[in-house]
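Shown next, in structure tokens, is the structure this report addresses.
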Amino acid sequence: MAILVDHTTRVLVQGITGREGSFHTAQMLTYGTAIVAGVTPGKGGQTVEGVSVFDDVITAVGETGANTSIIYVPARFAADAILEAAEALIPLIICITEGIPVWDMIRVRRYLEGRPVRLIGPNCPGIITPGATKVGIMPTFPGADIHKPGHVGLVSRSGTLTYEIVWALTEKGLGQSTCLGIGGDPIIGTSFVETLAMFQEDPDTHAVVLIGEIGGEAEQQAAAFIRDAMTKPVVAFVAGRTAPPGRRMGHAGAIIAGGGGADASGLAANKIEALRAAGAYIAEYPEQVAEQMLHILGQADG
Amino acid sequence: MAILVDHTTRVLVQGITGREGSFHTAQMLTYGTAIVAGVTPGKGGQTVEGVSVFDDVITAVGETGANTSIIYVPARFAADAILEAAEALIPLIICITEGIPVWDMIRVRRYLEGRPVRLIGPNCPGIITPGATKVGIMPTFPGADIHKPGHVGLVSRSGTLTYEIVWALTEKGLGQSTCLGIGGDPIIGTSFVETLAMFQEDPDTHAVVLIGEIGGEAEQQAAAFIRDAMTKPVVAFVAGRTAPPGRRMGHAGAIIAGGGGADASGLAANKIEALRAAGAYIAEYPEQVAEQMLHILGQADG
Amino acid sequence: MNLHEYQSKELFAAEGIAVPDGAVAETPGEARAIAQRLGGAAVVKAQVLTGGRGKAGGIVVAGDPEEAAAVAERLLGSTIRDLPAERVLVEAAAQIAQELYVALIVDREVGRVALIVSSEGGVDIEETARDHPDRVHTLHIDPYLGLRPFYGVRAAAAMGLDSGLWSDLASLLANLYTLAQRYDATLTEINPLIVTAEGKLQALDAKVTIDDSALFRQRTLRPDLDSEPTDTEESTAEARARQMGISYIKLDGEIGCMVNGAGLAMATMDVIKHVGGEPANFLDIGGGARRDRVATALEIILSDPHVRVVLVNIFGGITRCDEVARGIVEALDHLGQTSARRSVPIVVRLVGTNHEEGQRILQQADLPAATTLSEGARMAVELASGGGRS
Amino acid sequence: MNLHEYQSKELFAAEGIAVPDGAVAETPGEARAIAQRLGGAAVVKAQVLTGGRGKAGGIVVAGDPEEAAAVAERLLGSTIRDLPAERVLVEAAAQIAQELYVALIVDREVGRVALIVSSEGGVDIEETARDHPDRVHTLHIDPYLGLRPFYGVRAAAAMGLDSGLWSDLASLLANLYTLAQRYDATLTEINPLIVTAEGKLQALDAKVTIDDSALFRQRTLRPDLDSEPTDTEESTAEARARQMGISYIKLDGEIGCMVNGAGLAMATMDVIKHVGGEPANFLDIGGGARRDRVATALEIILSDPHVRVVLVNIFGGITRCDEVARGIVEALDHLGQTSARRSVPIVVRLVGTNHEEGQRILQQADLPAATTLSEGARMAVELASGGGRS
């Protein structure tokens with residue numbers, strides 16, 4: 027089962043001939059992902075890692091039946107790539123690209139309103155349903171995959187921090203149903219709440235890990251949803267409790283009291299408090315997520 | 027019953043303090059229309075014909091529960107007025123204004139996509155459900171109203187030609203369920219087909235009059251709908267059979283072979299042929315519409 | 050409103066769309082000077098608003114400046130398909146490697162702009178569409194997105210264009226869309242869009258039609274808007290009417306018509322024909338016409354010497370019958386003082402908003418009145434055939 | 050990137066938003082000349098990127114040009130809230146009838162720009178929002194529509210502005226939105242927007258923040274993008290890092306960190322604290338970092354003399370461990386030749402994409418390796434407390 031991606035996922039790679047696109051196409055193919063097409067304008071007819079390249083998305087979809095797109099296009103062209111995929115009504119679009127201007131994302135998100143299209147990201151590591159398919163950039167080196175099929179769902183605003191925590195889960199024998207990063211940018215396509223709702227509905231997911239960070243109010247909204255609508259246990263880790271207030275910590279998502287508001291909702295302490303009050307288990311450091319999950323599930327699950 | 031407007035209609039007049047707005051507000055009030063608010067920016071707090079004026083649409087809707095807007099704003103501001111009403115989610119917006127630039131209407135129509143809002147017009151005479159409410163500019167002088175309650179539905183691309191035909195119907199004792207003009211501009215909010223579908227569903231409508239004109243393909247689309255989905259009789263009149271090809275006949279709607287295509291679908295003869303083939307009755311001149319309708323219904327109906 | 054080729058190309062150049070080097074000339078001497086600047090050989094193109102100029106002899110290649118002057122001499126003041134050529138465009142001859150077709154057209158049914166492209170340029174696109182529909186490609190542009198690069202890529206791929214030119218084509222199309230939006234163009238057409246021998250895209254011809262409803266905000270395109278109209282295919286009377294907000298088209302009959310509303314105006318013409326007459330014109334005074342517009346309309350109708358009778362058909366909604374009646378009376382008074390045409394009979398059919406006041410005004414002026422359109426049309430036909438011309 | 054007031058006002062003026070007459074001065078003499086041109090009296094405002102300049106003494110009214118020069122002399126080179134004032138803005142004193150607040154802010158939760166207005170300008174908007182929430186009004190702008198006039202009308206009505214100024218306010222807000230979009234501003238704030246004694250709107254202060262991700266297309270705002278950064282609140286090392294695509298923030302501890310990913314970088318700091326250490330910095334080398342960026346990052350960390358040990362924590366996804374390992378070795382080689390800081394110990398924790406090759410490279414260079422983050426953090430804390438500084 028899992029959520030969003032599984033063995034029926036047919037992937038189109040936008041920006042397949044670029045450095046990142048071709049590298050990760052190879053990685054995904056090695057993992058077993060069904061990559062059916064690539065797109066790079068002007069390079070139609072070529073192949074990359076055996077995958078046919080098309081000039082434009084709508085042609086690629088028509089020829090191959092791709093139902094998921096992953097975007098590795100550079101930041102200045104990435105919004106156009108998302109719009110092209112959305113215009114072609116690809117139901118699931120995953121944008122890896124980091125550094126897309128915020129006004130571009132305002133335009134994109136408005137375009138997505140009311141369209142039967144879901145965007146994950148941008149500035150995210152993608153989605154993996156371990157053992158079935160990987161549509162992303164998470165490390166899955168053969169023989170030492172950090173992932174393992176199982177029943178823990180994981181959703182994160184972060185990239186590498188996710189790997190850290192997934193690895194700890196796997197080391198403890200806790201497999202995952204689906205792991206996804208929703209992206210660290212100020213404006214993203216899919217929220218914590220939407221993802222938690224999918225995990226709550228997914229019979230294959232028994233418990234959920236939520237990885238937040240400072241900035242914005244996404245964790246507070248997630249907390250409200252956990253309190254009101256979730257019956258499955260949630261373990262949460264929020265990065266940045268030692269971050270000094272008022273300074274940007276890396277990408278745009280990590281700003282204390284972001285959004286110009288007067289409140290302190292962006293602070294890690296407030297987020298942690300909201301999640302704790304909503305009934306989530308709080309991990310103090312990344313590896314503790316796996317320890318707590320093992321405690322909750324009572325045994326290795328998966 | 028009727029379609030679109032009835033005694034539950036609560037009208038907001040955009041541009042109420044203007045010459046046309048105030049004149050027709052008085053006319054509509056005389057007819058018995060429930061006009062609950064007017065809008066003219068900067069004139070909030072005034073009254074026109076006893077109707078309260080507000081500065082903006084969303085406030086007016088909040089204060090008065092208006093569910094229909096009629097727009098008399100000059101052409102250069104009319105698209106903004108439609109957008110403001112649509113943004114405020116007024117379910118029915120009727121735009122009387124003539125001469126709105128076509129690029130403005132492209133923008134408007136795109137905005138309406140997927141919104142729970144219906145636009146009638148622009149460049150139309152509005153809608154009347156005789157005996158119940160009038161939201162438009164059609165002549166309804168007391169004591170000699172050209173309309174009469176009954177069971178003939180009427181839809182038209184024209185303004186004054188509609189009055190001509192309604193009057194002939196009424197003179198023959200044929201009342202109307204609802205009469206509406208969808209507008210003569212190249213880009214309009216509601217099509218013949220959508221209106222025919224509403225009349226087909228309306229138990230109060232027993233037969234339909236369709237008034238077309240040269241230009242575009244709207245009559246051919248109507249013909250296809252009549253053929254495929256209508257069981258009620260339709261009498262059609264298409265203006266412009268004597269118009270010389272290739273010249274504009276007045277407003278933008280009336281262009282032979284409009285839209286730049288190579289075909290002659292804009293010609294009156296083609297439209298008439300399509301409607302005849304679809305089973306519609308064809309009137310040769312306006313007054314014949316009423317004669318044919320009387321023949322079809324067998325008696326004065328209403 | 051149609052723009053001339055030279056006007057369209059000025060807009061193109063300002064928007065970054067390459068056009069051949071050249072300039073417009075109003076005299077043979079100017080044409081000679083331009084050809085000299087261009088290096089001798091030049092193409093001289095009559096600036097008339099009609100298709101098929103080439104076939105009609107309106108485009109001539111000149112080998113040297115003297116020949117350019119001679120060609121200009123011949124074209125200037127001649128008529129191409131009944132239209133006078135008041136200017137010629139003198140351009141450098143292009144080295145053509147490939148001819149394409151691109152256009153942006155408002156598609157009324159879809160409510161969006163259609164991008165139409167073809168690998169077959171320089172020929173009649175309607176013929177191509179009929180004979181080789183697979184060579185004409187249409188893409189509707191989402192107005193929220195505008196003509197983003199992926200539309201250009203899709204168009205280029207559909208045309209089978211060399212991939213080295215794709216990003217140039219995408220830029221050109223984006224610029225063309227910006228131009229269309231900026232100038233309220235309902236049509237912008239480049240036929241042919243050429244690939245030069247150097248491998249560059251260039252607009253060899255240019256056609257732009259501006260939305261008449263948007264002229265109020267396009268005054269830079271229309272410096273003549275308040276003065277006398279020129280440069281269009283319409284007659285002086287038609288242009289004068291349009292300036293007043295009146296739609297007027299002269300036809301060949303003898304019954305002048307003044308009607309409110311385009312649909313009713315056409316139906317009135319249909320009824321006149323139905324009862325055996327011939328309309329002398331189409332005339333729509335527009336919605337909410339006031340008396341000065343009515344008076345102008347009547348004067349325009351009566352300026353046609355073939356008119357033997359005038360049928361006024363007004364069904365007042367937003368137009369008020371009393372205003373119309375006053376306009377008619379005013380116009381007749383004015384004409385009575387200035388012209389002998391007062392003797393043309395006028396049949397008036399007036400119903401709708403404020404019709405009682407209107408009919409009272411007409412009765413005072415002793416004008417014949419009809420109750421229905423058919424009755425009015427029959428009265429007009431009888432008056433026209435029974436004489437009445439003094 | 051925050052713009053100075055004078056830079057923001059230049060953008061405002063170009064967009065048609067009225068600002069007080071004035072100019073920027075870098076010397077007392079320039080300030081005197083500007084005050085003279087303004088007619089004598091002037092307001093001298095230190096150009097520093099911080100709020101509360103007024104309270105901190107950064108805004109001074111001068112009665113005549115000499116006083117303006119004296120004030121400039123005092124402000125230039127002084128620090129306001131720890132920031133050096135390198136320029137002053139000398140402006141005509143405004144006659145204020147009313148003070149308002151308007152701002153456009155990207156609202157990340159809604160994904161749209163929020164228009165925030167208040168009838169209480171010239172004061173801290175956050176205080177107003179807390180104490181009088183009914184006086185602060187927020188409208189989210191549909192990006193498809195842009196800031197159309199009806200939003201302006203709605204804002205004006207909400208503020209209770211005199212209706213004679215509504216269309217001016219609507220125009221001003223539309224221009225402000227255009228400016229924000231044109232320059233990729235995530236914040237444009239006018240506090241106060243004043244109504245002058247003559248009844249005109251004028252931006253008395255101006256604050257604009259540009260989206261760092263959009264600087265590639267905003268080079269006109271950033272002539273210094275390729276040279277040394279100035280005019281920002283960040284330190285030289287932080288600015289140098291940013292130019293390389295590295296996020297670096299200096300802190301007060303002794304354990305330098307180099308991490309890929311902001312979330313993991315913060316978590317690494319959290320773990321260092323958890324095991325008893327103090328991070329010397331936040332550093333995210335970004336996604337897909339190549340070896341030159343890794344080398345620069347290490348040099349920046351080691352340029353902080355308080356750093357006693359460096360913890361490198363890399364979990365490779367889009368970043369490849371072999372590139373990181375090569376970058377570390379390169380940087381150490383380079384540092385070994387140029388500095389004495391080679392002796393600072395480095396703990397490396399490297400897992401993920403191409404980690405085998407990366408670990409092989411590190412082993413050859415004889416660098417201590419950790420398996421988990423906690424282990425790495427503990428090793429670093431031990432090394433830091435146990436000395437290791439030579």
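Chains as they are written, first to last, in my numbering: chain L, 27 to 328; chain C, 27 to 328; chain R, 50 to 439; chain W, 50 to 439.
Where is the CB? At the ideal position from N, CA and C, for every residue including glycine.
Predicted model, so just to flag it, every value in this text is computed and none were measured.
Any chain W beta carbon closer than 8 Å to L:Phe167: Working through the first sequence from its first residue, we reach residue 167 of chain L at position 141. By this cut-off, L:Phe167 is an interface position.
For a contact defined as C-beta to C-beta under 8 Å, what are the partners of L:Tyr137 on chain R? Taking the first residue of the first sequence as 1, we reach residue 137 of chain L at position 111. Here the neighbours are Tyr193 and Leu194.
Buried versus exposed, by CB contacts within 10 Å (16 or more), R:Val110: As a working mapping, residue 110 of chain R is identified with position 61 in the third sequence. When all chains shown are included, R:Val110 counts as exposed.
Alpha-carbon to alpha-carbon, L:Asp211 and R:Asp183: Taking the third sequence and counting its residues from 1, the one referred to as residue 183 of chain R is at position 134. Taking the first sequence and counting its residues from 1, the one referred to as residue 211 of chain L is at position 185. In a straight line, the C-alpha of R:Asp183 is about 44 Å away from that of L:Asp211.
Could you pull out every residue in the same chain whose Cβ sits closer than 8 Å to the Cβ of W:Arg266, ignoring the five residues on either side in sequence? In the fourth sequence, the residue the question calls residue 266 of chain W occupies position 217. Counting only Cβ-Cβ distances below 8 Å, and skipping sequence neighbours, we find Asp233.
In the DSSP assignment, find the unbroken alpha helix (DSSP H) run with R:Asp333 in it and report its ends. Here residue 333 of chain R refers to the residue found at position 284 when the third sequence is read from its first residue. R:Asp333 -> not in any alpha helix (DSSP H); beta strand (DSSP E) instead, spanning Asn330 to Asp333.
Per DSSP, which one or two residues make a beta bridge with W:Pro133? Position 84 of the fourth sequence, counted from the first residue, corresponds to residue 133 of chain W. Its beta-bridge partners are W:Thr128.
Which residue from C:Ala158, C:Ala111, C:Arg253 and C:Val235 puts its Cα closest to that of C:Gly88? For the purposes of this step, residue 88 of chain C is taken as residue 62 along the second sequence, with counting starting at 1. That would be C:Ala111, whose Cα lies nearest to the Cα of C:Gly88.
Endpoints, beta strand (DSSP E) assigned at W:Ile83: Walking along the fourth sequence from the start, residue 83 of chain W turns up at place 34. Not the beta strand (DSSP E): W:Ile83 falls in the alpha helix (DSSP H), residues Pro77 to Leu87.
Given a limit of 8 Å on CB to CB distance, which residues of the stretch 93-118 of chain C reach chain R? Ala101 and Arg102
If you draw a straight line from the C-alpha of W:His53 to the C-alpha of L:Ala250, how long is it? Along the fourth sequence, one-based indexing puts residue 53 of chain W at 4. Along the first sequence, one-based indexing puts residue 250 of chain L at 224. Those two C-alpha atoms are separated by around 40 Å.
Can you check whether the C-beta of C:Ala223 is within less than 8 Å of a C-beta belonging to chain R? Position 197 of the second sequence holds residue 223 of chain C. False, the Cβ-Cβ gap to chain R never drops below 8 Å.
Would L:Ser48 be called buried (16 or more neighbouring beta carbons within 10 Å of its own) or exposed? Working through the first sequence from its first residue, we reach residue 48 of chain L at position 22. So L:Ser48 ends up on the buried side.
Using a Cβ distance threshold of 8 Å, determine whether the stretch 143-155 of chain R contacts the stretch 93-111 of chain R, with at least three qualifying pairs required. no
Run through DSSP, which three-state label would W:Gly171 get? Numbered from its first residue, the fourth sequence carries residue 171 of chain W at position 122. DSSP places W:Gly171 in coil when its eight states are reduced to three.
In three-state DSSP terms, what is W:Arg369? Locating residue 369 of chain W in the fourth sequence gives position 320, counting from the first residue. If DSSP states are grouped into helix, strand and coil, W:Arg369 belongs with coil.
Kindly indicate which residue of R:Ala206, R:Glu169 and R:Arg231 has the alpha-carbon position closest to the one of R:Leu270. Within the third sequence, the letter at position 221 stands for residue 270 of chain R. For the residues R:Ala206, R:Glu169 and R:Arg231, the minimum Cα distance to R:Leu270 belongs to R:Arg231.
Using a Cβ-Cβ cutoff of less than 6 Å, which residues in the same chain neighbour C:Lys198 once the five nearest sequence positions on both sides are dropped? Here residue 198 of chain C is taken as the residue at index 172 of the second sequence, counted from 1. Closer than 6 Å at Cβ, skipping near neighbours: Ala316 and Leu320.
Any beta strand (DSSP E) of 3 or more consecutive residues that is wholly inside the stretch 38-81 of chain C: 61-65 and 77-80
Return helix, strand or coil for C:Asp289, following the three-state DSSP convention. Taking the second sequence and counting its residues from 1, one reaches residue 289 of chain C at position 263. The predicted model places C:Asp289 with a pLDDT of 45, which falls under 50 and marks its position as unreliable; any figure quoted below should be read in that light. C:Asp289 falls in the coil class under three-state DSSP.
Three-state secondary structure assigned by DSSP to R:Lys94: Indexing the third sequence from 1 puts residue 94 of chain R at position 45. Here R:Lys94 sits in strand by DSSP.
Quick check on DSSP: helix, strand or coil for W:Pro278? Here residue 278 of chain W is taken as the residue at index 229 of the fourth sequence, counted from 1. Here the model assigns W:Pro278 a pLDDT of 40, short of 50, so the residue's position is not dependable, and the following value carries that caveat. Reduced to three states, the DSSP call for W:Pro278 is coil.
For W:Arg130, which of W:Ala119, W:Leu149 and W:Ala95 has the nearest alpha-carbon? Here residue 130 of chain W refers to the residue found at position 81 of the fourth sequence. Comparing Cα-Cα distances from W:Arg130 to each of W:Ala119, W:Leu149 and W:Ala95, the minimum goes to W:Ala95.
What are the partner residues of L:Val235, as DSSP defines its beta bridges? For this step, residue 235 of chain L is matched to residue 209 along the first sequence. DSSP output for L:Val235 lists L:Leu180 and L:Val261 as bridge partner(s).
Please tell me whether R:Ser262 has its Cβ less than 8 Å away from any Cβ of chain C. Here the question's residue 262 of chain R lines up with position 213 in the third sequence. It does; some Cβ of chain C falls within 8 Å.
Any chain C beta carbon closer than 8 Å to R:Ala105: Numbered from 1 along the third sequence, position 56 holds the residue referred to as residue 105 of chain R. So no, R:Ala105 is outside the interface.
For W:His186, does the three-state DSSP call read helix, strand or coil? For the purposes of this step, residue 186 of chain W is taken as the residue at position 137 of the fourth sequence. Strand.
Quick check on the DSSP output: the alpha helix (DSSP H) that includes C:Val134 runs from which residue to which? As a first step, residue 134 of chain C is located in the second sequence; it is residue number 108 there, counting from the start. From DSSP, the alpha helix (DSSP H) with C:Val134 extends over Val128 to Leu138.
Spatial distance of W:Ala207 from C:Val79 (CA atoms): Your numbering for residue 207 of chain W matches position 158 in the fourth sequence. Your numbering for residue 79 of chain C matches position 53 in the second sequence. Each residue's alpha carbon lies about 16 Å from the other.
Taking the continuous beta strand (DSSP E) assigned at W:Asp319, which residues delimit it? By 1-based counting over the fourth sequence, the position of residue 319 of chain W is 270. Here W:Asp319 belongs to no beta strand (DSSP E); instead the alpha helix (DSSP H) covers Ala311 to His323.
Tell me which residues share the same chain as L:Ala303 and place their Cβ nearer than 8 Å to its Cβ, disregarding the 5 neighbours each side in the sequence. To locate residue 303 of chain L, count along the first sequence from 1; it is residue 277. Excluding positions up to five away in sequence, the list reads Ala249 and Arg253.
Would you mind working out which of R:Asp415, R:Arg157, R:Val68 and R:Glu424 sits nearest C:Gly292, comparing C-alpha positions? Here residue 292 of chain C refers to the residue found at position 266 of the second sequence. Among R:Asp415, R:Arg157, R:Val68 and R:Glu424, the Cα nearest to that of C:Gly292 is on R:Arg157.
So C:Ala233 and C:Val181 are supposed to be a Cβ contact under 8 Å. How far apart are they, rounded? Numbered from its first residue, the second sequence carries residue 233 of chain C at position 207. Numbered from its first residue, the second sequence carries residue 181 of chain C at position 155. Not really, about 12 Å apart at Cβ, beyond 8 Å.
C-alpha gap between L:Ala278 and W:Ser127, whole angstroms: Along the first sequence, read from residue 1 onward, the residue named residue 278 of chain L stands at position 252. Along the fourth sequence, read from residue 1 onward, the residue named residue 127 of chain W stands at position 78. Bear in mind that a pLDDT of 38 at L:Ala278, under 50, signals an unreliable position, so the number given afterwards is only what the model happens to contain. Approximately 32 Å, taken between the alpha carbons.
Does DSSP classify R:Ala241 as helix, strand or coil? On the third sequence, residue 241 of chain R is found 192 positions in, with the first residue counted as 1. The sequence shown places Pro at residue 241 of chain R, not Ala. Looking at R:Pro241 - three-state DSSP - the assignment turns out to be strand.
In the structure shown, what three-state DSSP assignment does W:Tyr297 receive? As a working note, residue 297 of chain W is residue 248 in the fourth sequence. It is a strand residue.
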